[in-house]
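Chemist: My questions all concern the structure below.
There are 2 protein chains.
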Amino acid sequence: MRQNKDTRLEVIKMIVSSQELSTQEELMTELQTAGFPTTQATLSRDLKQLRISKGHNEQGRYTYMLPSQQRYQRVSDTHVAVQNLNRMGVISVKFSGNLAVLRTPTGYASHVAYDLDCKEIPGVLGTIAGDDTILVILEEGANREDILNQLTVQPQ
Amino acid sequence: MRQNKDTRLEVIKMIVSSQELSTQEELMTELQTAGFPTTQATLSRDLKQLRISKGHNEQGRYTYMLPSQQRYQRVSDTHVAVQNLNRMGVISVKFSGNLAVLRTPTGYASHVAYDLDCKEIPGVLGTIAGDDTILVILEEGANREDILNQLTVQPQ
DNA sequence: CAAAGGTATGAATATTCTTTCAAATTACCG
DNA sequence: CGGTAATTTGAAAGAATATTCATACCTTTG
Chain A
4 MRQNKDTRLE VIKMIVSSQE LSTQEELMTE LQTAGFPTTQ ATLSRDLKQL
54 RISKGHNEQG RYTYMLPSQQ RYQRVSDTHV AVQNLNRMGV ISVKFSGNLA
104 VLRTPTGYAS HVAYDLDCKE IPGVLGTIAG DDTILVILEE GANREDILNQ
154 LTVQPQ
Chain B
4 MRQNKDTRLE VIKMIVSSQE LSTQEELMTE LQTAGFPTTQ ATLSRDLKQL
54 RISKGHNEQG RYTYMLPSQQ RYQRVSDTHV AVQNLNRMGV ISVKFSGNLA
104 VLRTPTGYAS HVAYDLDCKE IPGVLGTIAG DDTILVILEE GANREDILNQ
154 LTVQPQ
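So the protein lines, in turn, are chains A and B.
In terms of the working numbering, the first sequence opens at residue 4 and continues consecutively.
In terms of the working numbering, the second sequence opens at residue 4 and continues consecutively.
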């Protein structure tokens, strides 16, 4: 049932990012009403695979959060069809030392950077976005070819 | 016993950021050897206050992690302790281009960087912390004097 | 000083989560 | 098509974590 599992994982991501759930049992109920009945044991495995972790929100409640939400505030605050943006968003890439400087259309830098963060590219320590520029900090010794491919190729 | 608790919290942050622990019991042992014996119940409360959450690392292991670049509200009691850290945490500051490189005692970089993030210093685009080094990305044209003051001087 | 109110803590308990194990389903390959 | 390996899953068991409850301790205020 590979197809079913994959769609269930997507549904989980949507539910988790749109609601504040604090137990796997709550999530189980939500999934059931969404038409994907499953057990808590499976959810434990799904959450692990999705790297969704239980964090603490402002009110001190325990809340499941996508890893992207954690990195979210780093760059910007609005999602748009980020994946498409990225594909067509990077105008140029230049390397300098352990940095890569990416140019994007004006105003798009933070979105693209957010997407890069989500991809968790190996060798990339982090990103900082300006308006039309993204600074990508590379690990020492990172292979520029590999990075370049990751930066310009479609995620997932 | 406010002082004891605060220092314990700092020690917890250091331990968590320097090692990969997967249970509160492991952390309990570490704390004991560090001279801060306590119980699992207290750790659960401490981790909640520090907003340390159990995530999934590359190998799929469950690992406690500090909220990396998260800029969340300064919860007053923990914030105070962090400010003190920062005051005495920065060993040196060097500028290069639109970057500032800060040196800290080994293991403290992430804590200090976290504090810097909280201060939201004008002219600072973001920070990346290593073990004993923080990379501060400055806005183009940022005044180094101003930045330097903010980086080393106690706020308020 | 005494009483009141708050914080911190440990022991025990309740809750929540992970993993084991066996079964079922699905993919793979001749 | 078989047959075998790999994946997925639920139930139950086993860990791990959060919370409850009672207590100690500290701080303030009269």
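We treat Cβ as the ideally placed atom computed from N, Cα and C, and that holds for glycine.
#1: Give me the residue from A:Asp9, A:Gly58, A:Tyr67 with the minimum Cα distance to Glu2 of chain A.
#2: For the beta strand (DSSP E) containing Ser56 of chain B, list its first residue and its last residue.
#3: So which of A:Pro125, A:Leu12, A:Arg147, A:Gly58 has the shortest CA-CA distance to Thr41 of chain A?
#4: How is the alpha helix (DSSP H) around Thr32 of chain A delimited, first residue to last?
#5: Distance, Cα to Cα, Ser47 of chain A vs Ile15 of chain A?
#6: Can you tell me whether Thr36 of chain A is buried or exposed, with buried defined as 16 or more other CB within 10 angstroms of its CB?
#7: What is the rounded straight-line gap between the Cα of Gly19 of chain B and the Cα of Ile18 of chain A?
#8: Just to confirm before moving on: does the CB-CB distance between Val93 of chain B and Val115 of chain B stay below 8 Å?
#9: Checking contacts by CB at 8 Å: is Arg54 of chain B closer than that to chain A?
#10: Please report the residue range of the alpha helix (DSSP H) in which Thr41 of chain B lies.
#11: Considering only the alpha carbon of each residue, which of B:Asn152, B:Gly126, B:Leu53 lies closest to Gly63 of chain A?
#12: Checking the sheet assignment: what are the DSSP bridge partners for Tyr65 of chain B?
#13: Closer than 8 Å by C-beta to Asn146 of chain B: which residues in its own chain qualify, once you throw out the five before and the five after it? Chain order, please.
#14: Which of helix, strand or coil does DSSP assign to Leu24 of chain B?
#15: State yes or no: is the beta carbon of Gly58 of chain A nearer than 8 Å to at least one beta carbon in chain B?
#16: Counting only C-beta atoms, is Lys16 of chain A closer than 8 Å to chain B at any point?
#17: Checking contacts by CB at 8 Å: is Lys51 of chain A closer than that to chain B?
#18: Which of helix, strand or coil does DSSP assign to Val96 of chain B?
#19: So which residues on chain A does Gly63 of chain B lean against when the C-beta distance must stay under 8 Å?
#20: Identify, in the order they occur along the chain, each residue of the same chain with its Cβ nearer than 6 Å to the Cβ of Ile150 of chain A, setting aside the five sequence neighbours on each side.
#21: Within 10 angstroms of the Cβ of Asp9 of chain A, are there 16 or more other Cβ atoms? Answer buried if so, exposed if not.
#22: Just to confirm my understanding: we take Phe39 of chain B, look at its own chain, exclude 5 residues before and 5 after, and list those with CB closer than 6 Å. What are they?
#23: For Ala116 of chain A, which of helix, strand or coil comes out of DSSP?
#24: Within the same chain, show all residues whose beta-carbon is closer than 7 Å to that of Gln43 of chain B, passing over the 5 residues directly before and after it, in chain order.
Modeler: From the atom records:
#1: An answer regarding residue 2 of chain A cannot be provided, because it is not within the stretch 4 to 159 covered by chain A.
#2: 56-59
#3: A:Leu12
#4: 27-36
#5: Computed Cα separation, rounded: 12 Å.
#6: exposed
#7: Checking the displayed sequence, the identity of residue 19 of chain B turns out to be Val instead of Gly. If I take the Cα positions, the gap works out to 30 Å.
#8: yes
#9: yes
#10: Run containing Thr41 of chain B: none; DSSP gives neither H nor E here.
#11: If you compare the alpha carbons of B:Asn152, B:Gly126, B:Leu53 with that of Gly63 of chain A, the shortest gap goes to B:Leu53.
#12: B:His59
#13: Gly126
#14: coil
#15: yes
#16: no
#17: yes
#18: strand
#19: Those are Lys51, listed as they occur along chain A.
#20: Gly126
#21: exposed
#22: Arg11, Val14
#23: Here DSSP, grouped into helix, strand and coil, assigns Ala116 of chain A to helix.
#24: Result list for Gln43 of chain B: Gln27, Glu28, Met31, in chain order.
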